[in-house]
C-alpha cells in the first residue's frame with residue numbers, strides 16, 4: 135500500500151512538472167511574438183519617417199518655371215538643393231533599415247515561431263501519451279490486485295464451509311464432497327489471480343522504470359534544448375537588430391558629409407556678384423539738377439511729388455537742349471511690367487534686355503541645330519532606302535524633309551529678327567543686308583548644302599519608328615566617313631542571296647516597333663542573334679530565327695560579339 139501511494143505521489147508531481155513546463159514554454163513563445171511585434175512597429179516607424187523626410191525634401195525642391203528655379207544660380211540655393219538631395223538619400227537609408235528589419239528579423243521570427251509551436255506541441259503530446267500509458271498500466275495492476283484479493287477471500291470462505299460440512303455428522307457424504315470440490319475450485323481461481331497479478335506487477339514495474347528513467351527524461355531534455363534554441367534565436371535577432379542600423383551608418387555619414395560639403399561650398403561674394411550681374415540695368419547715372427532762378431513773371435517748375443525722389447523728374451522726357459532724357463533716377467525705378475512683356479523685351483533695362491535677347495538667340499540656334507541634325511539623319515536614311523528599296527520607300531521621307539526645311543527657315547528668320555534687336559541694344563544698328571551676317575557660319579554652310587553631313591552631324595539619330603537614339607559626335611563622324619566609302623554602298627548587295635553567319639548575340643535594352651520595311655520589332659529584354667554589325671548608319675542587323683531577321687537601332691540593344699569577332703567587343 136505504501137508503494138502504491140508513493141507511485142501516485144510521484145505521478146502527480148510529474149504531472150505538475152509538465153504543467154509548469156507548459157506554462158513556461160508558452161511564456162517563451164509569447165516573448166518571441168512580443169519582440170517580433172516590437173521590431174514590426176520599429177519598421178513601420180522607419181517607413182513612416184522615411185516617407186515624411188521624402189515629402190519634406192520634395193516640398194522644398196525648386197519648382198520649374200518659377201522664381202525658385204531662377205535662384206538656383208546662387209551658391210546658397212544650390213547648397214540647399216544639394217542638402218535636399220542628400221536628405222532624400224538619407225530617407226532611403228531608413229527605408230533600407232525597414233526592409234532589412236522585415237526580411238532579416240520579422241520574416242525569420244515568424245517562420246521560426248511556426249516551427250517552435252509545432253515542436254512544443256509534439257513534445258507535450260509525447261509526454262501526455264507516456265503519462266496515459268503508465269496510468270493505464272497502473273489501473274490494470276490495481277484491477278488485478280483487487281481481483282486477486284477477492285478470489286483469495288472466496289477461497290477462504292469455501293475452505294471454511296468445507297471444513298464445517300466435513301465435521302457435521304448429519305451432512306451426507308455427497309454434500310461434503312461437493313463442498314470439497316467447491317473449495318478446491320476457489321483455491322485454483324485464487325492461484326490464477328495471483329499469477330495474473332504477479333505478471334501485471336512485473337510489467338508495471340518495468341514500464342514505470344522506463345517511464346521515469348528514459349521516456350520522461352528524454353522529453354524534458356528535448357524541451358530544454360528547444361528552450362535554449364529559442365533563447366539563442368532571440369539573441370541572434372537582437373544582434374541583427376543592431377547590425378541593421380550599423381550597416382547604413384557609412385552611407386548616412388556620407389549623406390551628412392555631403393550636406394557639410396554643400397554648406398562649405400557657399401560663396402557670399404560670388405552670390406553678391408551674381409545679384410549685381412542679374413540686375414545690372416545699363417542706365418547712365420542722372421546728370422546734375424539745374425539751378426532754376428526766380429524772376430518776375432516766371433514760375434518755377436513743379437514736380438509731381440515733392441516727397442518722392444523717383445517721381446521728382448518723371449515728367450521730363452528730354453532736356454531742352456536735346457539728347458537723352460535724364461529724368462529717370464534709375465536706382466529707384468520700379469518695374470511695373472509684371473507680365474511676360476513685349477517680344478523684344480523693350481520693357482527691360484538695356485543690360486537685362488541684351489541678356490534676354492542673347493539667351494533667346496541661343497535657344498533658337500539650338501532648335502535650328504536639332505532640326506539640322508534630324509534633317510541630316512533623314513537624308514541619310516533616304517539614301518539608304520534609295521540604294522536598298524527593300525528597306526523602305528524613299529518617297530516616304532520627303533514630306534518630313536520638306537517640313538523640316540520649312541521649320542529651319544522659320545527659325546532662321548526668328549534668329550535674324552532677334553539679332554536685329556540685339557544689335558539695336560548694343561548700339562550698332564546694321565543695314566537690312568548686314569543683319570543676316572550675325573548668323574553663325576555653321577548655319578550658312580548647312581543652309582547651302584543641307585543634304586551633306588558635316589563635322590557637326592546629328593547627335594540624335596531618328597529611328598524608323600520616329601524615336602531618336604543618342605550617339606557621341608566623334609562616333610558619328612567616323613560613321614559618316616564609313617558611309618561615304620564604297621564598302622558602305624555595297625553593304626546590302628548580298629542580303630537576300632545567302633544566310634549570314636551569327637557573329638554574336640544581343641539583348642534588347644528598349645522595345646522597338648519596326649513599322650518600316652527591313653526592320654524587325656523587338657521587346658525589352660529579348661535575346662537575339664547578331665548577323666551584321668553597325669556599319670556607321672546606327673543600325674544593327676539581327677536574327678530571331680531562320681525566318682525572322684531585320685535591322686534595329688544600335689542604341690536599342692546591348693551587343694556581345696563572339697571572341698573571334700573583333701576581340702569580343704561589347705557595346706551599347
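Residue numbers (my numbering): 135 to 706. For each residue, glycine too, the CB sits at the ideal point set by N, CA and C.
Worksheet entry | Environment of residue 428 [buried if 16+ CB atoms lie within 10 Å] | On the chain shown, position 294 is the one that residue 428 refers to. Exposed, by the Cβ-count rule.
Worksheet entry | Three-way DSSP call (helix, strand, coil) for residue 663 in this model | Within the chain shown, the letter at position 529 stands for residue 663. Three-state DSSP puts residue 663 in a strand.
Worksheet item: Is residue 405 near residue 236, with beta carbons less than 7 angstroms apart?
Response: Residue mapping note: residue 405 aligns to position 271 of the chain shown, counting from 1. Residue mapping note: residue 236 aligns to position 102 of the chain shown, counting from 1. Not in contact: residue 405 and residue 236 (Cβ atoms no closer than 7 angstroms).
Worksheet item: Apart from the five residues just before and just after residue 327, which ones in its own chain have a Cβ nearer than 6 angstroms to its Cβ?
Response: Translated into positions along the chain shown, residue 327 becomes position 193. Cβ neighbours of residue 327 beyond the five flanking positions: 281, 282 and 285.
Practice prompt. Within its chain, find whatever has a CB closer than 6 angstroms to the CB of residue 504; leave out the 5 residues flanking it on each side and keep chain order.
Written response: Your numbering for residue 504 matches position 370 in the chain shown. Same-chain partners within the cutoff: there are none.
Worksheet entry | residue 678 - DSSP class collapsed to helix/strand/coil | Residue 678 sits at position 544 when you count from the first residue of the chain shown. Correct three-state label for residue 678: coil.
Item to complete: Spatial neighbours of residue 502 within its chain, please: CB distance less than 8 angstroms, with the 5 preceding and 5 following residues excluded, ordered by chain position.
Response: Counting from 1 along the chain shown, the entry for residue 502 is found at position 368. Correct list, in chain order: 542, 545, 546, 549 and 577.
Worksheet item: Terminal residues of the continuous alpha helix (DSSP H) containing residue 116?
Response: Outside the displayed range of the chain (135 to 706) lies residue 116, so it cannot be described from this structure.
Worksheet item: Quick one: what does DSSP say residue 685 is sitting in, helix, strand or coil?
Response: By 1-based counting over the chain shown, the position of residue 685 is 551. Correct three-state label for residue 685: strand.
Fill in: Spatial distance of residue 675 from residue 510 (CA atoms)
Residue 675 sits at position 541 when you count from the first residue of the chain shown. Residue 510 sits at position 376 when you count from the first residue of the chain shown. One C-alpha to the other measures close to 22 angstroms.
Fill in: Enclosing alpha helix (DSSP H) for residue 233 [first to last residue]
Walking along the chain shown from the start, residue 233 turns up at place 99. Taken as a continuous stretch (DSSP letters only), the alpha helix (DSSP H) holding residue 233 covers 209 to 235.
Worksheet item: When you compare only the Cα positions, how much space is there between residue 374 and residue 196?
Response: Against the chain shown, residue 374 aligns to sequence position 240. Against the chain shown, residue 196 aligns to sequence position 62. Going by the C-alpha atoms only, they are around 39 angstroms apart.
Discussion item. Can you give me the C-alpha to C-alpha distance between residue 535 and residue 185, rounded to a whole angstrom?
Written reply: In the chain shown, counting from the first residue as 1, residue 535 sits at position 401. In the chain shown, counting from the first residue as 1, residue 185 sits at position 51. Taking the straight line from one Cα to the other gives about 50 angstroms.
Discussion item. Please tell me whether residue 262 and residue 159 are closer than 7 angstroms, where the distance is taken between their beta carbons.
Written reply: As a working mapping, residue 262 is identified with position 128 in the chain shown. As a working mapping, residue 159 is identified with position 25 in the chain shown. No; because the gap between Cβ atoms is not below 7 angstroms, this pair is not in contact.
Worksheet item: residue 194: beta carbon under 6 angstroms from a heavy atom of the ligand HEM?
Response: As presented, the structure is devoid of all ligands, the ligand HEM included, so that no description of it is given.
Worksheet entry | Check whether residue 356 and residue 257 have beta carbons under 7 angstroms apart | Taking the first residue of the chain shown as position 1, residue 356 is located at position 222. Taking the first residue of the chain shown as position 1, residue 257 is located at position 123. Contact: yes.
Discussion item. Using C-beta distances below 6 angstroms, list every residue in its chain close to residue 500, excluding the 5 sequence neighbours before and after it, in chain order.
Written reply: Along the chain shown, read from residue 1 onward, the residue named residue 500 stands at position 366. Closer than 6 angstroms at Cβ, skipping near neighbours: no residue.
Worksheet item: Is residue 271 near residue 341, with beta carbons less than 7 angstroms apart?
Response: Taking the first residue of the chain shown as position 1, residue 271 is located at position 137. Taking the first residue of the chain shown as position 1, residue 341 is located at position 207. Going by C-beta atoms, residue 271 is nearer than 7 angstroms to residue 341.
Worksheet item: Taking the continuous alpha helix (DSSP H) assigned at residue 694, which residues delimit it?
Response: Reading the chain shown from its first residue, position 560 is the one you call residue 694. No alpha helix (DSSP H) holds residue 694; the beta strand (DSSP E) holding it covers 691 to 695.
Fill in: Cutoff 8 angstroms; reference residue 296; Cβ partners in own chain excluding five residues on either side
As a working mapping, residue 296 is identified with position 162 in the chain shown. If we look at residue 296 and ignore the five residues flanking it on each side, its Cβ neighbours are 310, 313, 314, 316 and 317.
Item to complete: Given a cut-off of 7 angstroms, decide if residue 181 and residue 232 are closer than it, judged by their beta-carbon atoms.
Response: Your numbering for residue 232 matches position 98 in the chain shown. Your numbering for residue 181 matches position 47 in the chain shown. Contact: yes.
Worksheet item: Where DSSP assigns a beta bridge to residue 653, which residues make up the other side?
Response: On the chain shown, position 519 is the one that residue 653 refers to. Answer is 685, bridged to residue 653.
Worksheet item: Going straight from the alpha carbon of residue 481 to that of residue 198, what length do you get?
Response: To locate residue 481, count along the chain shown from 1; it is residue 347. To locate residue 198, count along the chain shown from 1; it is residue 64. If I take the Cα positions, the gap works out to 24 angstroms.
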